[in-house]
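Enquirer:
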């Protein structure tokens, strides 16, 4: 049988930069933000909150900032780190041998969807349990998560439209 054609190249997103590079950059920002918040949470340090009447420390020190005993910023940091590594792999770096493009694309979509879903839930918690409190880090993380989600949706829509491969999307 004839070999299957290779999947199409990932589309450039903006200014000729590939979507995998955009994903790596945005996830890298999330990694930095959650790394800072993880440091604060684990050391008990006070958060710098540039918003007037800031509630960043209130949110970070609340019961909602821990999931099954694990600090939520640490979970985010690990997730953003995995997204960054997978995106760099998708962009041509050989960081994680043995992964093919389809595995990487589907895993990135799953992780981006998980981040966006969790961010939506945490924004709901912020608006219902911390009424009147502003948390710039919460809003930044949600923006980063949704940006990753929409970048990955763009990749999947491109592949579905321009590919002979079957995708369940």
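Residue numbers (full-length UniProt numbering): 1 to 169.
Glycine included, each C-beta is placed from N, C-alpha and C at the ideal position.
Ordered along the chain, which non-local residues of its own chain (more than five positions away) have a Cβ less than 6 Å from that of residue 49?
Expert: Taking the chain shown and counting its residues from 1, the one referred to as residue 49 is at position 49. For residue 49, where only same-chain residues beyond five positions count, the Cβ hits under 6 Å are 56.
Enquirer: Roughly how many angstroms separate the alpha carbons of residue 144 and residue 47, rounded to a whole number?
Expert: Residue 144 sits at position 144 when you count from the first residue of the chain shown. Residue 47 sits at position 47 when you count from the first residue of the chain shown. Each residue's alpha carbon lies about 19 Å from the other.
Enquirer: So the alpha helix (DSSP H) residue 108 belongs to, where does it begin and stop?
Expert: Translated into positions along the chain shown, residue 108 becomes position 108. Taken as a continuous stretch (DSSP letters only), the alpha helix (DSSP H) holding residue 108 covers 101 to 129.
Enquirer: Are the CB atoms of residue 71 and residue 110 nearer to each other than 8 Å?
Expert: Translated into the one-based positions of the chain shown, residue 71 becomes position 71. Translated into the one-based positions of the chain shown, residue 110 becomes position 110. The answer is no: Cβ separation not under 8 Å.
Enquirer: Whose CA, out of 142, 36, 74 and 108, lies closest to the CA of residue 88?
Expert: Reading the chain shown from its first residue, position 88 is the one you call residue 88. Taking only the C-alpha atoms, the option nearest residue 88 is 108.
Enquirer: Determine the burial state of residue 93: buried for a count of at least 16 other Cβ atoms within 10 Å of its Cβ, exposed for fewer.
Expert: Your numbering for residue 93 matches position 93 in the chain shown. Burial call: exposed.
Enquirer: Taking the alpha helix (DSSP H) that residue 23 belongs to, which residues open and close that run?
Expert: Here residue 23 is taken as the residue at index 23 of the chain shown, counted from 1. Run containing residue 23: 19 to 43, per the alpha helix (DSSP H) assignment.
Enquirer: By DSSP's criteria, residue 50 is part of a beta bridge. Which residues make up the other side?
Expert: For the purposes of this step, residue 50 is taken as residue 50 along the chain shown, with counting starting at 1. In the DSSP output, where bridge partners are listed per residue, residue 50 has none listed.
Enquirer: According to the neighbour-count rule (16 or more other Cβ atoms, all chains shown, within 10 Å of its Cβ), is residue 86 buried or exposed?
Expert: For the purposes of this step, residue 86 is taken as the residue at position 86 of the chain shown. By the 10 Å Cβ count, residue 86 comes out buried.
Enquirer: Just the C-alpha distance for residue 98 and residue 104, rounded to the nearest angstrom, thanks.
Expert: Within the chain shown, numbered from 1, the residue matching residue 98 stands at position 98. Within the chain shown, numbered from 1, the residue matching residue 104 stands at position 104. Between residue 98 and residue 104, the C-alpha separation is close to 10 Å.
Enquirer: For residue 93, report the span of its alpha helix (DSSP H) as first-last.
Expert: Residue mapping note: residue 93 aligns to position 93 of the chain shown, counting from 1. Unbroken run through residue 93: none, as it is neither H nor E.
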